[in-house]
Amino acid sequence: MNIIDDAASAIKAVWGDLTTPKEPTVYGGGGGGGGGFEMSPEELKTVIGLWEDELKKVVKDGDKIDEILADLMPPGQDEASASYVNSGIDSLLSLQKQNDSMRAYIEGYIEKLEIARTKTMATDQANTLRTT
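Adding 7 to a residue's 1-based position in the sequence shown gives its number in this note's numbering.
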């Protein structure tokens with residue numbers, strides 16, 4: 008295996024097959040108007056589940072980045088080999104920083120969705136009590 012194949016394998020290990028785009032699923036009712044939308048608690052639960060699945064992937068990717076960083080060693084004791092590995096480490100550290108940022112974003116978003124779901128359920132319950 009050569010360096011390009013190794014790099015391609017590492018990228019595929021971290022990011023998966025990038026050649027097959029996936030169609031996103033849209034949840035919630037459209038209504039236009041005030042720039043907002045509404046979702047039922049069940050729809051919010053589904054969306055939260057999708058984000059939790061994405062979070063698992065991001066965490067798994069972060070673990071792979073850590074493994075690659077731990078295993079990255081110069082092929083020789085010369086300056087060129089050390090320079091090559093140092094460049095790779097710099098790139099992987101940037102990738103790790105992006106992965107950490109994405110992880111924090113997703114965790115925060117899931118938290119906000121959970122709050123919205125709790126509020127929606129409380130509002131639905133209050134409305135049910137008022138109508139009975």
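No residue lacks a Cβ here, since even glycine has one placed at the ideal position from N, Cα and C.
Because the structure is a prediction, the values reported are computed rather than measured.
Each of Gln84, Thr130, Gly69 was checked against the Cα of leucine 99, and the nearest Cα belongs to Gly69.
For the pair alanine 89 and tyrosine 112, the Cα-to-Cα distance works out to about 34 Å. Note on geometry: alpha-carbon atoms of leucine 102 and lysine 71 lie some 11 Å from one another.
Within the same chain, and ignoring the five residues on either side of alanine 123 in sequence, the residues whose Cβ sits closer than 7 Å to its Cβ are Leu51.
For secondary structure counted as the alpha helix (DSSP H) over 4 or more consecutive residues, the segment 36-107 holds these complete runs in sequence order: 48-78. Distance from leucine 62 to arginine 110 at the Cβ level is roughly 7 Å; contact confirmed, criterion being Cβ atoms closer than 8 Å.
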